[in-house]
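Below is one structure, written out as structure tokens; comments come after it.
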DNA sequence: GTTAGCACTTAACATCAAAGAGTGCTAAAA
DNA sequence: TTTTAGCACTCTTTGATGTTAAGTGCTAAC
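Protein chains in written order, with the working numbering: chain A, 1 to 358; chain B, 1001 to 1358.
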């Protein structure tokens, strides 16, 4: 907070906040006369007008046209979010729903994120984003091979407390069950904990050596492992409640709506955004602050979810720039925190207190 | 085809087809004069006008208002699709892309369906639906338990050639690895092939009896099995390319667009639609022919995908009622057939001809 | 420093007229 | 009997015009 950034008189702050609040409520440019109705602003419209002109000169407000009320600029929203926003506190109902979610008997991270996103969307009435990033350096802690028949097996890969991957492996020729089972042990021994890039040719040769006469089983299997580690789980973005956007007048403009729907299709762009973001706090991208040019009148709020140290997902809310920030931010924060807690608490609860979790 | 249904003179058919084609092309009501430009219709506008009036009386055409061109009614489209449509033949490019998809080295049904849907959407320029119905009576052929530590294990359930489910099972107390492994064998012995409903108390007691002293391991595991069989995989609908809708003028109308986006959110409704549909052919739901009232100006085309005898998914295209039917129908047909083939060919290819499939 | 007053700007809305497209009907032609 | 030309009629679309209302900027007075 450099003084130059924050060089607003208390009255200017009051007025700016009132304008942003009013614009969020009403959705329309707010004029000086309208503001005089608030008793915190016991000034004439002319005075407020002067202040507004100055706020505009400083870049916090904008003029749609020569003479209509003011609208906050990106900078105005930014200042509002960073400095003027008061804490939102959840209602009993919301806390109840959140607890419901968290105590639901499911540990699967994916579904947890999906449900939290759905909840976030319905609680805020904006569109929710359930984001599962491409695991940057996914590793497998343990391999297990399950023979299906003489020429195929299922490779089960345990990657962490809440994720298991399976792949069907089709073999070139026939093998004994024992050979297949051995494959699991050998893979675990040789390449557990490695990323896709670290599986080098020498490693593979070592595996083949250990498999002895069944060395031909290795090549197709390794292919699957490689797939599972890299390409396979290539990140996913789910959109919850896109239709909710339509209730806000900003999206009556077809071209703006198109931009938004387009963005929803470009999952890569969203994944990138999340990948580049700050892990430690709620991220708020107001209007065109981020690289995504199509969302000039929208805001994206999201927070990542970490398991151990690694980002394993994110939940987000996207809606009109004119959104209820305090509510959205607190909802996203609480929900993501709750998930992180559940997922990470997991390991700590090793001894298991009841049979209700699976 | 009762004669009464098909009681249209050759000329009426010609005119109806011309009207539907023209309306699909132009998107606007088509008038009598416009039609005279086609040389198959070597009549004056007045003659055509008379025929149009009769077609309207028969219910095949509609009048937006007293005097503007005609638009096909649902019945008109229906007749067009059932009786007037000529076969579309794919371009070399399209056949190439389709083959690309099918020869891609992935057997996972889910991803196959997703990719096919994406392809269908991009080939037709309409929105794609990737549908994986709630498996009505999912059964597990084989269970395998993988010990993780002394109080948790991963239960791997093989349900078919291309599906594997895994569940983390958290146990009440500590068990030996051997006990866990035995659990897999016992489960396979006792409840392989059963649906969720068929797992009765006697069955469970039998499992516990067979587990002997480790009987306490059964209860949490059964819970997971139950989850996996019923609730868990509760059907999924993915929408590909919702933004494509916006290029068609019918969706410039916000309320119509809203109906569509709303429909996309109500996955249950779509799942139901697919569940009720005919397995054996491409289903075409024109306008409000189906129960979904919100899609009066849209058409849904889809075909289910079967593995063995069971419906395991569907791919569909949804777009304006005024869509390119021959193209959409053939695309959906080809893609779903290709997937069915790949999936079902699977079993037949047991001996494996190369290592390229996993 | 604050306020009242007033001229000015602009969007939004309603009204109106003219243009255009297409029909239905009648009567004539084939 | 079928087809066609002609014409009056209906309804949408478009553009122009004027009016209203909201809100600003500025100046001068408090």
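Glycine included, every Cβ here is placed at the ideal spot set by N, Cα and C.
For residue i versus residue j, is the C-beta spacing smaller than 8 Å?
i, j, result
"residue 336 of chain A", "residue 240 of chain A", "no"
"residue 98 of chain A", "residue 338 of chain A", "yes"
"residue 256 of chain A", "residue 77 of chain A", "no"
"residue 1070 of chain B", "residue 1052 of chain B", "yes"
"residue 319 of chain A", "residue 298 of chain A", "yes"
"residue 1237 of chain B", "residue 1129 of chain B", "yes"
"residue 170 of chain A", "residue 150 of chain A", "no"
"residue 1154 of chain B", "residue 164 of chain A", "yes"
"residue 1187 of chain B", "residue 1207 of chain B", "yes"
"residue 205 of chain A", "residue 183 of chain A", "no"
"residue 1264 of chain B", "residue 1228 of chain B", "no"
"residue 221 of chain A", "residue 181 of chain A", "no"
"residue 1032 of chain B", "residue 1049 of chain B", "yes"
"residue 376 of chain A", "residue 261 of chain A", "Since the displayed chain A opens at 1 and closes at 358, residue 376 of chain A lies outside it and no answer follows."
"residue 328 of chain A", "residue 292 of chain A", "no"
"residue 1084 of chain B", "residue 1013 of chain B", "yes"
Would you say residue i reaches chain B, if we count a Cβ-Cβ gap shorter than 8 Å as a contact?
i, result
"residue 154 of chain A", "yes"
"residue 241 of chain A", "yes"
"residue 102 of chain A", "no"
"residue 132 of chain A", "no"
"residue 119 of chain A", "no"
"residue 258 of chain A", "yes"
"residue 17 of chain A", "no"
"residue 264 of chain A", "yes"
"residue 187 of chain A", "no"
"residue 112 of chain A", "no"
Determine the direct distance from the alpha carbon of residue j to that of residue i, and round the result to whole angstroms.
i, j, result
"residue 1068 of chain B", "residue 1029 of chain B", "7 Å"
"residue 343 of chain A", "residue 331 of chain A", "18 Å"
"residue 1026 of chain B", "residue 73 of chain A", "42 Å"
"residue 1254 of chain B", "residue 267 of chain A", "25 Å"
"residue 1001 of chain B", "residue 1075 of chain B", "Because the pLDDT of residue 1001 of chain B is 42, which lies under 50, any placement of that residue in the model is unreliable, and the number read from its coordinates should be weighed accordingly. Using only the alpha carbons, I get a separation of about 14 Å."
"residue 9 of chain A", "residue 326 of chain A", "23 Å"
"residue 37 of chain A", "residue 15 of chain A", "12 Å"
"residue 1042 of chain B", "residue 1066 of chain B", "26 Å"
"residue 1275 of chain B", "residue 1290 of chain B", "13 Å"
"residue 1323 of chain B", "residue 1127 of chain B", "11 Å"
"residue 1018 of chain B", "residue 1249 of chain B", "21 Å"
"residue 1143 of chain B", "residue 191 of chain A", "26 Å"
"residue 103 of chain A", "residue 123 of chain A", "18 Å"
"residue 356 of chain A", "residue 1168 of chain B", "With a pLDDT of 33 at residue 356 of chain A, under the threshold of 50, the modelled position of this residue cannot be trusted; read the value that follows with caution. Using only the alpha carbons, I get a separation of about 12 Å."
"residue 132 of chain A", "residue 54 of chain A", "44 Å"
"residue 1166 of chain B", "residue 1156 of chain B", "5 Å"
Does residue i pass the burial test, meaning 16 or more other C-beta atoms within 10 Å, or should it be called exposed?
i, result
"residue 1283 of chain B", "buried"
"residue 1114 of chain B", "buried"
"residue 1252 of chain B", "exposed"
"residue 193 of chain A", "exposed"
"residue 308 of chain A", "exposed"
"residue 1214 of chain B", "buried"
"residue 179 of chain A", "buried"
"residue 86 of chain A", "exposed"
"residue 1101 of chain B", "buried"
"residue 334 of chain A", "buried"
"residue 1200 of chain B", "exposed"
"residue 173 of chain A", "exposed"
"residue 1092 of chain B", "exposed"
Does any CB atom of chain A fall closer than 8 Å to the CB of residue i?
i, result
"residue 1261 of chain B", "yes"
"residue 1207 of chain B", "no"
"residue 1146 of chain B", "yes"
"residue 1166 of chain B", "yes"
"residue 1252 of chain B", "yes"
"residue 1270 of chain B", "no"
"residue 1201 of chain B", "no"
"residue 1085 of chain B", "no"
"residue 1355 of chain B", "In this predicted model, residue 1355 of chain B has a pLDDT of only 32, less than 50, meaning its place in the structure is not dependable; the value taken from the coordinates is given anyway. Yes, its Cβ sits closer than 8 Å to a Cβ of chain A."
"residue 1183 of chain B", "no"
Could you check if residue i belongs to the surroundings of the ligand FMN, using beta carbon to heavy atom distance under 7 Å?
i, result
"residue 77 of chain A", "Because no ligand of any kind appears in the structure shown, any question about the ligand FMN cannot be addressed here."
Ranges of the beta strand (DSSP E) found wholly within the stretch 147-197 of chain A, counting only runs of at least 3: 152-160, 163-170
Inside the stretch 247-294 of chain A only - alpha helix (DSSP H) runs reaching at least 4 residues: 254-265, 267-275
Contained alpha helix (DSSP H) runs [length at least 4] in the stretch 1029-1089 of chain B, N- to C-terminal order: 1032-1035, 1045-1057, 1074-1079
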